[in-house]
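Engineer: I'd like to ask some things about the structure below.
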Amino acid sequence: MEGGSRPERENKDAKGRRRGEKLGSVLEPNIEPFVPRKGYDPNELRSWAKKTGFVSTFSGETQTSASGYADLERGGVLPKNESISPKIEIDPILGRTRRRGPEIEPLRGAANAREGFKDGVESEVGRNGAGEESLGADNASNGQGAGANAPHMEPKSSEDVRVYQDEDDLGDGGWQPSPKLILGLKDNPGYVPIIFYGLQHYLSLAGSLIFIPLIIIPAMGGTDKDTATVISTMLLLSGITTILHSYFGTRLPLVQGSSFVYLAPALAIMNSREFRNLTENRFRHTMRELQGAIIVGSVFQCAMGFSGMMSLFLRFINPVVVAPTVTALGLAFFSFGFPQAGACVEISIPEIFLVLVFTLYLRGVSVFGNRVFRIYAVPLSVMIIWAYAFFLTAGGAYNYKGCSADVPSSNILIDACRKHAYTMKHCRTDVSDAMRTAAWVRIPYPLQWGIPIFRLRTSLIMIFVSVVASVESVGTYHTASMRINTKAPTPCIVSRGIGLEGFCSVLAGLWGTGTGSTTLTENVHTIDITKVASRKVVEFGAMFLIVFSFIGKVGAILASIPQALAAAVLCFMWALVVALGLSTLQYTQTASFRNITIVGVSLFLGLSIPAYIQQYLPESSLILPSYLIPYSAASDGPVHTGYKGLDFAMNGLLSLNMVVTFLIAFVLDNTVPGSRQERGVYIWSNVEDLATDPSALSDYELPGKVCRWAKCLGVQ
């Protein structure tokens, strides 16, 4: 029962309306405040809120029981004495609680409101306006007017409202807004800035672009000249595929390059019994085998994308699947990273320490307006430690009497020198002869290592790996679209991007980089710290990579980096991949017992099952170094079906952490019941968004005639 007489209640309601009108006149003259009618259709309001992007965050709203909302959404009527109050949901995109209920339309006329809604951060005026309207609807049963207890708000200029916040300054609780961007997706800063930003973008990704060949080529039996050639080839393919993706893929500012997804299967194939027993032309034979496997797996990925099958597959790919899969990708190299870096601890430990100091302790230091230690953490630390290693080498720290670093350890007869050969190889800066043997100008060309070898057993491994690479890219597309303040891509756009990634990996297989080409997950971190998300910048930087790939001495310089230093950098990069994978859980209800069980079980079994497969190594322990033994299980695993090709593929797949983790997480997440909010289902843009706002996805439109061609194929 409401207290007071009817005239008193009407007087209070009139005061509430006048107060709402006064606030509305401040923000938008002659616009009546939106007051939802009683008995509203929640589906209709949800559709309206989705179109406008408005989220109410007023803290004084009351809540009803979950059962009341269930009845309301089924078309029922609220109890007599209960008011309409907002529904608390988990935003599947932002991963934070938000309120659904009586909301007002954002006021486009006011500068503060416009900036707030545009960038996902509500201005103070917008929040209080929403609060007063909601309060007027919620407290009608108590006879209170709208905003009766709200403080009086004075209009503020746009300079007084901090719309953007740096991620380091965000407090706990609440969802995090997208960062303030120096350059947006379509911005063109001019010739001089674009050169600076382009080089900056790729220098920050140096660890992901060039350090994989430093690890895999020596393990394949390649020479220093081979390492330099593969690095140049990788630079060329990274530049070409990035430009292709920028024009014909998702069109997001994402760099394509050699992916860690393909590193573990490449190590598993090259350390199989057949290849580890080769003594002549081992590198070329192994590379041709990898080329054939990558081409077959990439053709499958390409068909999956351009056929539209990826659009159907997206329904089953959620953050609960993406997070453990990407995390397992980084954790897969724990037995490989520091054991190789530990071959020269006087170089590797200072490198790890320095890169951590730059990225964590000095991340807020600004030099000429740029946070150089965060942006250039990897290249700066590498140059400093590389110079330090040069002085150690020149000072005689690794000179041993009667021992030569140019002689392979297998040919050394003196036991004293044999003991020091491993240290000299990993620590000295003058052991590489790449600078002496590499040509000044060399253009990488297709099939430079010979005709690829196609086998079913290795092709099956790469087909599964291509699916995992697609899952990783799906998460990267979604996260990148949020970081650059654009609409999430539709399933068709995602399929287009995956299809083009498959085509780019086919090119990588033809040229012979040893790995496939996918979107670099670390690119999201680069956009966060540089605040540069311009397509032009990424494309211009890609052109630099293509030019550098033609200069053979550039690849030779990079190939001469000591192996222990490269392994130390990769320890940091793999740890960053683990962190980026775990951060995907922010889009789910992280406290849900269902989610933590699925993530925990998939991660543990994703590490433990491969460890079981890897213990069947009767012969490899006498041939391979200890850090490569876990990657030789394909030939010696416990699976025996009677068909050697299938045995090799099954043992190889079960020895890969990311594949096992993906399969377990995929099955559990799609069979265990859970709400959309709990699972963090990705809200991809759909046809309804295009019908109401055709320009919403203009950032993803293909150029010119290609756009009409893509529509005919159904990939746009």
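In our numbering, the protein residues as written are 2 to 717. Think of the CB as a built atom: it goes at the ideal place given N, C-alpha and C, for glycine as much as any other residue. All values derive from a computational prediction rather than experimental measurement.
(1) Give me whichever residues DSSP pairs with GLN257 in a beta bridge.
(2) Between the C-alpha atoms of HIS427 and ALA220, what's the straight-line distance to the nearest angstrom?
(3) Exposed or buried, which one is MET384 when buried takes at least 16 other CB atoms within 10 Å?
(4) Can you tell me which of the three DSSP states GLY448 falls into?
(5) Please classify LEU184: does DSSP put it in a helix, a strand, or coil?
(6) Along the chain, where does the alpha helix (DSSP H) containing GLY338 start, and where does it finish?
(7) Where do the N-terminal and C-terminal ends of the alpha helix (DSSP H) with ASP670 fall, by residue?
(8) If you scan the stretch 494–553 from start to end, which runs of the beta strand (DSSP E) of 3 or more residues do you find wholly inside it?
(9) In this structure, does DSSP put ASN486 in helix, strand or coil?
(10) Can you list, in chain order, the stretches of the alpha helix (DSSP H) that have 4 or more residues and sit fully within the stretch 237–297?
(11) State the DSSP-derived secondary structure class of VAL682, mapped to helix, strand or coil.
(12) Near ASP700, which residues of its chain fall below 6 Å by C-beta distance, leaving aside the five closest residues on each side in sequence?
(13) So, is LYS226 buried or exposed, given that buried needs 16 or more other C-beta atoms within 10 angstroms?
(14) Can you give me the Cβ contacts of THR662 inside the same chain, cut-off strictly under 7 Å, excluding the 5 residues immediately before and after it?
(15) Could you tell me the boundaries of the alpha helix (DSSP H) in which GLU347 lies?
(16) Answer with buried or exposed for ILE452, where buried requires no fewer than 16 other C-beta atoms within 10 angstroms of its C-beta.
(17) Taking TYR628 and PRO266 to be in contact with their CB atoms under 8 Å, please state how far apart those CB atoms are, rounded to whole angstroms.
(18) Considering ASP700, what are the terminal residues of the alpha helix (DSSP H) in which it resides?
(19) Round the Cβ separation of ILE415 and GLY397 to the nearest angstrom and send it over; I've been treating them as touching at under 8 Å.
(20) For SER467, does the count of other Cβ atoms within 10 angstroms reach 16, so buried, or fall short, so exposed?
(21) Give the straight-line distance between the Cα atoms of ALA509 and SER247, rounded to the nearest whole angstrom.
(22) For my contact list, GLY199 and PHE541 are in at a C-beta cut-off of 8 Å; report their separation, rounded to the angstrom.
(23) For TYR165, name the three-state secondary structure that DSSP assigns.
(24) Does the distance from the C-beta atom of ILE183 to that of VAL539 stay below 8 Å?
(25) From the DSSP secondary-structure annotation, give me the bridge partner or partners of VAL300.
(26) Report the rounded CA-to-CA distance for THR522 versus GLU352, giving the unit in angstroms.
(27) In this structure, what does DSSP give as the bridge partners for VAL442?
(28) Would you kindly work out how many angstroms separate the C-alpha atoms of THR287 and THR430, rounded to a whole number?
(29) Pick out whichever of GLY208, SER518, ALA390 has its Cα sitting closest to the Cα of LYS356.
(30) Pull up the distance between the alpha-carbon of VAL346 and that of ALA565, whole angstroms please.
(31) What are the start and end residues of the alpha helix (DSSP H) that includes PRO611?
(32) Assign ALA395 to buried or exposed, taking buried as 16 or more other Cβ atoms, counted over all protein chains shown, within 10 Å of its Cβ.
(33) Sort ASN596, GLY582, LEU657 by Cα distance to PRO674 and report the nearest one.
(34) Going by C-alpha to C-alpha distance, which of SER518, ALA229, ILE244 sits closest to ILE444?
(35) How about ALA568 and ILE216: are their beta carbons less than 8 Å apart?
(36) Can you say whether PHE359 is buried or exposed, counting buried as having 16 or more other CB atoms within 10 angstroms of its CB?
Structural biologist: For this structure:
(1) THR520
(2) 13 Å
(3) exposed
(4) One detail in the question is off: residue 448 reads as Leu in this sequence, not Gly. It is coil, neither helix nor strand.
(5) strand
(6) 335–342
(7) 658–672
(8) 518–520
(9) coil
(10) 264–271, 274–277
(11) coil
(12) LEU186, THR487
(13) buried
(14) PRO325, THR326, ALA329, SER603, LEU604, GLY607
(15) 346–357
(16) exposed
(17) Their Cβ separation, rounded to whole angstroms, is 17 Å, which puts TYR628 and PRO266 out of contact at 8 Å.
(18) From DSSP, ASP700 is part of no alpha helix (DSSP H); its letter is neither H nor E.
(19) Wrong, their Cβ atoms sit about 19 Å apart, outside the cutoff.
(20) buried
(21) 17 Å
(22) 4 Å
(23) Here TYR165 scores only 36 on pLDDT, less than 50, and its place in the model is too uncertain to base an answer on.
(24) no
(25) Its beta-bridge partners do not exist; DSSP assigns none.
(26) 22 Å
(27) ILE552
(28) 27 Å
(29) Looking at the sequence shown, residue 356 is not Lys but Val. The residue with the shortest Cα to Cα distance from VAL356 is GLY208.
(30) 8 Å
(31) 594–614
(32) exposed
(33) ASN596
(34) ALA229
(35) yes
(36) buried
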